[in-house]
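These notes are about the structure you will find just below.
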Amino acid sequence: MPPIDLAPIDVALLDVTEAVLKRLLAVAQDDADADEVTPPGGGSPGWNADRVRWFRAYHRAAAAGLDGPAREKTWAVTAGGNLAGAVRLKAISVPGTAGGSLVLETGIWLRRSLRGRGIGREALRLVTVQAAATGAAVLTADTATGNAAARSLLAAQGATLADVGTRVTARIPLP
């Protein structure tokens, strides 16, 4: 039996320009569930016109970054030079945060065919570096309690996980 190649895949974050947005939407429609990438909308399941409009508007608004009106920044995730999904940071207000420190929330989606290869772990590490560079105190995330992959990914990044009903909240302290 030949040895398994465990060489890491080169993962990077890429700003979402109009050209990248077009390609990212194609990747999402081809290899991700609309419910993983967009909020419900359009009255029909899957990728419908409302969800496509939302996807485009969302990434265009986030192009202005954390200081822009949306207070959000998205990046395309690349793996081996190919688009693999997207990751985001959003400035949020969390009650009880000491001294008004900036708290950021993150979220990620990856195309189904590339999951389980360490790409999400590296993308989360890279976005955590981006979050720390802003001076934020904490990076948070939210996922379903049954999403074992996301729970494992967050725990590996040093997150404290707390189950709240059917959701899990994660807190990653930043240096």
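For what it's worth, the numbering used here labels the leading residue of the sequence shown as 439, then goes sequentially.
Glycine residues also receive a C-beta, built at the ideal position from the N, C-alpha and C atoms.
Query, Result
"Would T576 and V541 be called neighbours here (beta carbons separated by less than 8 angstroms)?", "In the sequence on display, residue 576 carries Val and not Thr. It is a contact, given that the beta carbons lie within the stated cut-off."
"Any idea what DSSP makes of I530, helix, strand or coil?", "strand"
"Using CA coordinates, which residue listed in G596, A514, T607 is at the minimum distance from N585?", "T607"
"Would the beta-carbon of A495 fall within 8 angstroms of that of P507?", "no"
"Pull the bridge partners of K511 from the DSSP assignment, please.", "L527"
"Less than 8 angstroms between the CB atoms is what I'm expecting for L527 and T544, so what's the real figure, rounded?", "6 angstroms"
"Three-state secondary structure (DSSP) at I447?", "coil"
"Label A457 either buried or exposed according to how many other C-beta atoms from any shown protein chain fall within 10 Å of its C-beta, with 16 as the threshold for buried.", "exposed"
"Suppose the cutoff is 8 angstroms on Cβ atoms and the five residues either side in sequence are ignored; what does the same chain contact list for V465 look like?", "L521, A522, G523, R549"
"Taking L467 and W485 to be in contact with their CB atoms under 8 angstroms, please state how far apart those CB atoms are, rounded to whole angstroms.", "The sequence shown places Gln at residue 467, not Leu. Indeed, because the Cβ distance is near 5 angstroms, the residues count as touching under 8 angstroms."
"Round the Cβ separation of L463 and T572 to the nearest angstrom and send it over; I've been treating them as touching at under 8 angstroms.", "With a Cβ gap of about 27 angstroms, L463 and T572 do not count as contacting."
"To the nearest angstrom, report how far apart V449 and L562 are at their CA atoms.", "10 angstroms"
"Could you give the distance in angstroms between the alpha-carbon of V490 and the alpha-carbon of G481?", "13 angstroms"
"What residues match up with P611 in a beta bridge as DSSP calls it?", "V576"
"Would you report the Cα separation of E474 and A582, rounded to the nearest angstrom?", "11 angstroms"
"Excluding the five sequence neighbours on either side, which residues of its own chain have a C-beta within less than 7 angstroms of the C-beta of R555, listed in chain order?", "I447"
"Could you spell out where the alpha helix (DSSP H) holding W492 opens and where it closes?", "487-500"
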